[in-house]
Amino acid sequence: MKIIIDAGHGYQTAGKRSKNGMKEYEFNRKVAMFVQELFLDYSGLSLYFVHSDQRDIPLKERVNKANQLKADLYISIHANAFGSGEWNSANGIETFIFSSRPKEALDLAISVQKQLILKTNRKDRGVKAADYYVLRETAMTAILCECGFMTNKEEAQLLMTESYQRKCAEAIVFGVSSFYGIKKVQQFKARYSVQVGAFQMKKGAETLKEELISKGFDAIVIEKSL
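In UniProt numbering, the protein residues as written are 1 to 226.
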């Protein structure tokens, strides 16, 4: 499964910042990075970024890359704003889809939105339809998550914390993986070990250990009390 991870906007995007100076992209890119990191624990996924720290990638360019890759899912990550930029009471999290998308997009958005609210305990603003370019022009299932308001003083503080950024990423990844039934890569625990050699002198044990390591085996020296 090919997944596009899109941190909305860029460092240079005009106006996309909170009253206390936080740039929206700083939040978006951190969550995107954590989403990628968490998805690496799952099998069968190919992950792609369509944003850049060097420039604000135009929406058309982002969408074209996603379409050219024939991606299966597009996740756009944002922080919200309301009004003229002054602090106000608008708050909460909402997830958007394009209105004419198949029901899969709606059901996925509901899954992700539910997890975002459970993880962050913020106000649930629900799943909504919007005519956003990245939702309309992508040839795949696409969702856009607005993870809190930069124009709300309390949420602006949260948006700047790594713990909140991680919670948003965890919610997105769990919402997606549970919806599609994507499983984590199995971690096999060793059930058996083999002892090779027993020595009276530690030097002999160390020599054998180094020889085993040079041949690609894990080896340690264990000292037993007599």
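For each residue, glycine too, the CB sits at the ideal point set by N, CA and C. Just so we're clear, the structure is a prediction, and the values are computed from it rather than from any experiment.
- Between A139 and the set K114, F98, N152, the nearest pair of CA atoms involves F98.
- For T120, the uninterrupted alpha helix (DSSP H) run begins and ends at 103 to 120, by DSSP.
- Positions of the beta strand (DSSP E) runs, each at least 3 residues long and wholly inside the segment 34 to 114, are given as 46 to 49, 73 to 80, 93 to 97 in order along the chain.
- Under DSSP, the beta-bridge partners assigned to D6 are S76.
- Apart from sequence neighbours up to five positions away, the residues of its chain that approach R125 with a beta-carbon distance below 7 Å are G92, I93, E94, ordered along the chain.
- Counted as a single uninterrupted DSSP element, the beta strand (DSSP E) harbouring A142 occupies residues 141 to 149.
- When the alpha-carbon of R136 is set against those of A7, F39, Y74, R17, the nearest one is in Y74.
- With a threshold of 16 other beta carbon atoms within 10 Å, N20 falls short and is exposed.
- By the Cβ-count criterion, G216 is exposed, with fewer than 16 other Cβ atoms from all chains shown falling within 10 Å of its own Cβ.
- Between F82 and F149, the C-beta gap is smaller than 8 Å, which places the two residues in contact.
- Annotation for H9: K16, E24, Y25, N28, D56 place their beta carbon closer than 7 Å to its own, counting only its chain and skipping 5 residues before and after.
- Secondary structure at K202: helix, using DSSP grouped into helix, strand and coil.
- The C-alpha of S89 lies about 41 Å from the C-alpha of Q68.
- Secondary structure note for R17: it is in no beta strand (DSSP E), with a DSSP letter that is neither H nor E.
- Nearest to I172 by alpha-carbon distance, out of E211, L144, G44, is L144.
- The Cβ atoms of S46 and K103 do not sit closer than 8 Å to each other.
- Boundaries for K153: no beta strand (DSSP E) harbours it, while the alpha helix (DSSP H) harbouring it runs 153 to 159, taken from the DSSP string.
- G181 carries a coil assignment under DSSP once its states are collapsed to helix, strand and coil.
- Two segments are said to touch when three or more pairs of C-beta atoms, one from each, lie closer than 8 Å; by this definition the segment 109 to 124 does not touch the segment 52 to 66.
- By the Cβ-count criterion, T207 is exposed, with fewer than 16 other Cβ atoms from all chains shown falling within 10 Å of its own Cβ.
- Annotation: the continuous beta strand (DSSP E) that includes G126 extends over 124 to 129.
- C-alpha of E37 to C-alpha of K184: approximately 13 Å in a straight line.
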